[in-house]
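First up is the structure itself, then whatever we jot down about it.
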DNA sequence: ATAATATATCAGTGAATAATGATATGACGC
DNA sequence: GCGTCATATCATTATTCACTGATATATTAT
């Protein structure tokens, strides 16, 4: 995207598009989706997420930090564990909407060679 | 994400996570969001999209190809123009859901330094 | 205090991908 | 046909970003 979008009007629309893109990027990664999917079943501590996603522990922690910063998950310390949970039912809803959309466009998405599988 | 996920079980969940991620990536770019946003107001031909998004013509065409392959937009030839449109109201709905979620998490998303602005 | 467990941090590396510029294709009017 | 407008293609370049490995911090138990 052009960087000289800092024009006279810096209108709210442009700002919101950047935010939207950033939020979408939060979801646009198999590892983070695996984490979010696991958390949709209820809160989990980190090592449980590591088990279920089969990702490395630092990798899970890195993604959790991203998700936490973005406000997509919340965390509570429980002794030496830290329990993570989905921060809002809207997130679950969004994931469901995507699945619904996917039923329509799954074939196309598979076929689209613009990014990696 | 690990590539050796081609295990014994190649279960549907894993496949769907990849699909979901791929679909999200379709939305996770400011240029494509700008194009989709413009099309939410009604069908447009390419040079109209170029005007409104201020992206270069090849760039718009590249993104349109991606969106078309993914099934997120559809196209109809009209003389020497090609008119593009949102392929399903579900897409508009999804964009609205994201905006709603964004109202909750906008601050966090801004603050998250894991990706570019 | 020491060890053990749970989680976080972060620099470095490799892979993915968005934008550009040049060029190709296709449709219309003359 | 020839020129022009509209769009598509594609290789190259530069950026972005996920993963790893090593290490740091925090909590609890002995």
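Chains as they are written, first to last, in my numbering: chain A, 83 to 199; chain B, 83 to 199. Using N, Cα and C, we set each Cβ at its ideal position, and we do this for glycine too.
Note the first and the last residue of the continuous beta strand (DSSP E) segment covering residue i.
| i | result |
| --- | --- |
| residue 167 of chain B | 163–168 |
| residue 159 of chain B | 155–160 |
Give every residue of the same chain whose Cβ lies closer than 6 Å to the Cβ of residue i, excluding the five residues on either side of it in the sequence, and list them in chain order.
| i | result |
| --- | --- |
| residue 158 of chain B | 165 |
| residue 116 of chain B | 135 |
| residue 177 of chain B | none |
| residue 132 of chain A | 139, 142 |
State buried or exposed for residue i, treating a residue as buried only when at least 16 other CB atoms are found within 10 Å of its CB.
| i | result |
| --- | --- |
| residue 140 of chain A | exposed |
| residue 66 of chain A | No answer is possible for residue 66 of chain A: the residues shown for chain A start at 83 and end at 199. |
| residue 88 of chain B | At residue 88 of chain B, the pLDDT of 41 sits below 50, so the modelled position is not reliable and the matter cannot be decided from this model. |
| residue 206 of chain B | Residue 206 of chain B cannot be examined here, being either before or after the span of chain B that is shown, 83 to 199. |
| residue 145 of chain A | buried |
| residue 171 of chain B | exposed |
| residue 110 of chain A | buried |
| residue 102 of chain A | buried |
| residue 183 of chain A | buried |
| residue 193 of chain B | exposed |
| residue 129 of chain A | exposed |
| residue 175 of chain A | exposed |
Which residue from the options puts its Cα closest to that of residue i?
| i | options | result |
| --- | --- | --- |
| residue 163 of chain A | A/106, A/174, A/143 | A/143 |
| residue 99 of chain B | A/191, A/196, A/195 | A/191 |
| residue 151 of chain B | A/107, A/109, A/108, A/188 | A/188 |
| residue 168 of chain A | B/186, B/125, B/117 | B/186 |
| residue 112 of chain B | A/128, A/104, A/117, A/196 | A/104 |
| residue 156 of chain A | A/179, A/126, A/132, A/178 | A/126 |
| residue 118 of chain A | A/136, A/173, A/195 | A/173 |
In chain order, what residues of the same chain lie with their CB nearer than 8 Å to the CB of residue i, ignoring the 5 residues before and after it?
| i | result |
| --- | --- |
| residue 108 of chain A | 114, 148, 149, 152, 154 |
| residue 181 of chain A | none |
| residue 197 of chain A | none |
| residue 123 of chain B | none |
| residue 195 of chain A | none |
Note the first and the last residue of the continuous alpha helix (DSSP H) segment covering residue i.
| i | result |
| --- | --- |
| residue 190 of chain B | 171–193 |
| residue 116 of chain A | 112–122 |
| residue 125 of chain B | Neither: residue 125 of chain B is in no alpha helix (DSSP H) and is coded neither H nor E. |
| residue 141 of chain B | 139–151 |
If I'm right that residue i touches residue j with Cβ under 8 Å, what's the distance once you round it to whole angstroms?
| i | j | result |
| --- | --- | --- |
| residue 179 of chain B | residue 179 of chain A | 6 Å |
Whose C-beta lies closer than 7 Å to the C-beta of residue i among residues of the same chain, with five residues either side of it excluded?
| i | result |
| --- | --- |
| residue 121 of chain B | 155, 166, 167, 168 |
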